[in-house]
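Reading the sequence shown from the start, the letters are residues 134 to 587 in the numbering used here.
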Amino acid sequence: MRTEVLLGAAGAIAAVPTAALLLLLGTGAAAPGPALVALAATLAASLGLGAVFARDLFLLAETLRHAAQENATALSHAAAAPRLPPMERIGLGIERLARSLAARAAEVGRLLRANEAIVENLPDPLLVLGGDRKPLRANAAARTAYGADMPAVLRHPGMRAAIDRAFDTGARQFTELSVPVPVPREVHATVIVMDPPLPDGARAIVVLSDRTRERALERMRADFIANASHELRTPLASLIGFIETLQGPAADDLPAQRRFLAIMAEQASRMNRLIDDLLSLSRIEMNEHQPPSARVDLGALATKVVAGFEPAAASRRVVLDLQVATGLPMAVADADQVAQVLQNLVDNALKYGREGGRVQVGLALAPGGGRWPARPGVLLTVGDDGPGIPRQHVPRLTERFYRVDAGRSRRAGGTGLGLAIVKHIVNRHRGHLAIDSEEGHGAVFSVWLPAGHK
Ligand SMILES: Nc1ncnc2c1ncn2[C@@H]1O[C@H](COP(=O)(O)OP(=O)(O)OP(=O)(O)O)[C@@H](O)[C@H]1O
Ligand SMILES: [Mg+2]
């Protein structure tokens, strides 16, 4: 169709001088011989010029077509071709324009892809909602965290209310949710309305930040303060009670005074122990990010610690046995802290193990792999043949103040911080702690510590 128009234009250009000559011939103003020659020459020239013109126009049309299709290679071939200088300039102009448009389109494409990559890789789950308030897409974090439960999360009454408020007011909305699926989570949700909407119909984005860990930490901190105050208040209340008794009813009762003072000394030293444990816990926590670098001979260290427990073991008629594997490498450790780990574990084994039983302390080269790291390590184990620990308590034993039988632990002078201290020391050593116990068959506490060179 376009070609026909171009040929028509070429025909029209050729027709003008021809028509003029025919007019001159017809009116007799020109002699037929030369006029016919002139006519033939004019016709030939007009047709030649028309053909070049038509070809150039055709090429320009082609250039435009390629420009519209953003076909850069075809574009340069076509643009170089027009012969008439003005046509050539128009062609080059079209080409430049098309090239700059194509470059800009490529830039926009790159920006879009970069933006999509940012959204896709954001660590927080993000959902994009359409005008119907239904999800259009979700980033990788959202797909991983919620998967098929995404619609259920959006149906949560708190979430729905926040989305409705955001759509109604156009302002950013926040809400805190307890999401039960796929696993219970505490979520801080932010709804942001897009104004104007995005070209793909996106009207709002919902960011779901997981706050489960923070909430648990907040609860733990509050629990810790409550527990520490409670642990201190009990002996303090008893001390105050005895002081009042000594000042009043027992003011002149010497035997009673002696008895009460002994109890008071016991309570005061209990408070002292608790404060010591709390302080050492906070000291360990403070440099937990700094692993120790000293080389420690665990065999010699264990021999000394175990010897210190002989009297306690004898009083419970417990056989305390230490086995150190030969050729054991040095451990990369803090000697005082490892001694504290061993003390807390042996103390527990003697306290909670069987009276007249056996406590075994072992030091061996750790088998690389399986439940232990593949790199070289030393395995310290403390096992007893006591009543063991019911399965449901095992994961919580290292929590501060957690005791299986609080009354028994308190009577034995325990603060409930021993295993919490062990856990933090092991963490500082970049080690591992495992607790294995079967009810009625004792408990084994294993500590993996990194080995250094001999
Ligand atoms: N070998 C064991 N056998 C049975 N139960 C144990 C054993 N070791 C620890 N437990 C249980 O784990 C609880 C926590 O132990 P942890 O050492 O942290 O505190 P504690 O012994 O009560 O007090 P502390 O160690 O501060 O004197 C104990 O109260 C006890 O119930
Ligand atoms: Mg203990």
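Beta carbons are placed, not taken as given, at the ideal position from N, Cα and C, and that holds for glycine.
Once DSSP output is grouped into helix, strand and coil, what is the label at residue i?
i	result
Q493	strand
V451	coil
I522	coil
L180	helix
A291	Residue identity differs from the one stated: residue 291 is Gly in this sequence, not Ala. Correct three-state label for G291: helix.
D343	strand
A271	strand
A212	Unreliable positioning characterises A212 in this predicted model, as indicated by a pLDDT of 48, which lies under 50. The coordinate reading is nonetheless provided below. Helix.
Q202	helix
Q456	strand
F442	coil
V149	helix
V537	coil
T548	coil
Q423	coil
A164	coil
T531	coil
A398	helix
R237	helix
E418	helix
L255	coil
L197	helix
M134	Its pLDDT being 48, under 50, M134 is placed unreliably in this model, and the coordinates cannot settle the point.
L331	coil
Kindly identify the DSSP beta-bridge partner or partners of residue i.
i	result
D517	V492
S579	T514, A567
V78	Look at the range of the chain in this structure, 134 to 587, and you will see that residue 78 is not part of it.
R318	V312
L245	Answer is none; L245 lacks a bridge partner.
V261	R270, I338
L498	V511
T323	F307, V340
A584	A464
Going by Cα to Cα distance, which pick from the options is closest to residue i?
i	options	result
M327	D257, G303, V185	G303
N420	R533, P462, H557	H557
L225	R237, T196, V241, Q202	T196
A85	P317, A162, D257, D301	Any answer about residue 85 is impossible in this case: the structure gives the chain only from 134 up to 587.
T514	K484, H565, R198	H565
R348	I338, L310, Q380, A545	L310
P215	A184, R232, A201	A184
R541	G486, A567, Q493, G510	G486
P313	Y279, A294, V324	Y279
Check: Does the region 554-563 come close enough to the region 422-436 to have 3 or more Cβ pairs within less than 8 Å?
Finding: Verdict: yes, contact present.
Next item on the list: Indicate whether the contact test is met: 3 or more Cβ pairs, each with one atom in the region 257-276 and one in the region 351-362, closer than 8 Å.
Entry: Contact fails between the region 257-276 and the region 351-362, because fewer than three Cβ pairs, one in each stretch, are under 8 Å apart.
Check: Would you say the region 462-474 touches the region 434-447, given that touching needs at least three Cβ pairs under 8 Å?
Finding: yes
Margin query: Three Cβ pairs or more, each shorter than 8 Å: is that satisfied between the region 148-155 and the region 169-189?
Written below: yes
Checklist line | Inter-stretch contact (C-beta, 8 Å, three-pair minimum) for the region 496-505 and the region 531-541 | finding: no
Check: How do the region 252-264 and the region 218-233 stand: do at least 3 beta-carbon pairs fall below 8 Å, yes or no?
Finding: no
Next item on the list: Decide if the region 541-556 is in contact with the region 511-525; the criterion is three or more beta carbon pairs, one per stretch, under 8 Å apart.
Entry: no
Next item on the list: Specify whether the region 396-415 and the region 448-464 touch according to this definition: at least 3 beta carbon pairs, one from each stretch, less than 8 Å apart.
Entry: no
Checklist line | Within the region 347-412, ranges of the beta strand (DSSP E) (whole runs, at least 3 residues) | finding: none
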